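*Asks:* Heads up: take any position in the sequence shown, counting from 1, add 17, and you land on this note's numbering.
The beta carbon of each residue, even a glycine, is placed where N, CA and C say it ideally should be.
In this text, all values refer to a predicted model and were calculated from it rather than measured experimentally.
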Amino acid sequence: MRLIILVTGIFLSFNSNADWASFKAGYACNQNNGYFEIYSIVETSTPDEGEIYPDSTIKVDRNLFEDGDNTISCVFNKYKIDTKLTVYPPRASGEGAGSERLRLNYLKINKDIIFENTVFNSEFLFRTSSLVSIKIKNTKTGLSINYCTVANWGWGVGYKGKKCINTTLKKMLTRHSS
């Protein structure tokens, strides 16, 4: 009996592993081309279909948000984009332990609040939905805004229930004022 317990213990110690997924965010600002983006990254401990990385076809310098409060400004043409995103590092215990939490405190364009106090790419908080990307582009007719939300994230599939909306700054401001 002791031999079975010993062999089982040895077998399990060599075959045990803890998969993890890390939820992060980054940003890009290209003032010359009139482009701003906040994007999601999901890295996993082992290769998985659920890994999420920014679109590599868009050639811009990319930066990661660090732990704590991050305040970013991006100016192009007559537009100034200000954003504040807070990254809460992993905790040892409690809900969401071991996972980062991200909150988009605000995103303003010329002092108009476009997004405020919303969850960003935070897996365990996906009780309703989570914002996972924002792309703002300068066009001949003004700013175009594309943003995506998801219902949740899962191993082997990534984001589930992804919905993206293409709109304009003018429409976003109209929606916020009504």
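Let's test the definition: count the other Cβ atoms within 10 Å of the Cβ of TYR70 and tell me whether it reaches 16, buried, or not, exposed.
*Replies:* exposed
*Asks:* Among TRP172, GLY175, LYS154, whose alpha-carbon lies nearest the alpha-carbon of ALA45?
*Replies:* LYS154
*Asks:* Are the beta-carbon atoms belonging to TYR176 and VAL136 less than 9 Å from one another?
*Replies:* no
*Asks:* Here's a check: name, in chain order, each residue in its chain whose Cβ is nearer than 7 Å to the Cβ of GLY171, leaving out the five neighbours to either side.
*Replies:* GLY67, LYS177
*Asks:* Of the residues MET189, PHE93, ASN183, which one's Cα is nearest the Cα of ASN47?
*Replies:* PHE93
*Asks:* With burial defined as no fewer than 16 other Cβ atoms inside 10 Å of the residue's Cβ, what is the status of VAL174: buried or exposed?
*Replies:* exposed
*Asks:* Write down the C-beta distance between ASN163 and CYS181 rounded to the nearest angstrom, noting that I regard them as a contact closer than 8 Å.
*Replies:* ASN163 to CYS181, Cβ: 6 Å. Contact.
*Asks:* Do you know offhand how far GLU133's Cα is from LYS125's?
*Replies:* Taking the straight line from one Cα to the other gives about 9 Å.
*Asks:* Going by the CB atoms, is the gap between GLU83 and VAL59 shorter than 9 Å?
*Replies:* no
*Asks:* Check whether the Cβ atoms of ASN122 and ASP86 lie closer than 9 Å to each other.
*Replies:* Yes.
*Asks:* Counting only runs that start and end within the stretch 38-106, where is the beta strand (DSSP E) found for 3 or more residues in a row?
*Replies:* With a minimum length of 3 residues, the continuous beta strand (DSSP E) runs that stay inside the stretch 38-106 are 38-47, 52-61, 85-93, 96-105.
*Asks:* Cα separation between SER37 and LYS157?
*Replies:* In the sequence under discussion, the amino acid at residue 37 is Trp, which differs from the Ser named in the question. Cα to Cα, the separation comes out at about 44 Å.
*Asks:* So, LEU119 versus LYS179, is the Cβ gap smaller than 9 Å?
*Replies:* no
*Asks:* Give me the residue from SER39, ASN49, ILE55 with the minimum Cα distance to CYS165.
*Replies:* ILE55
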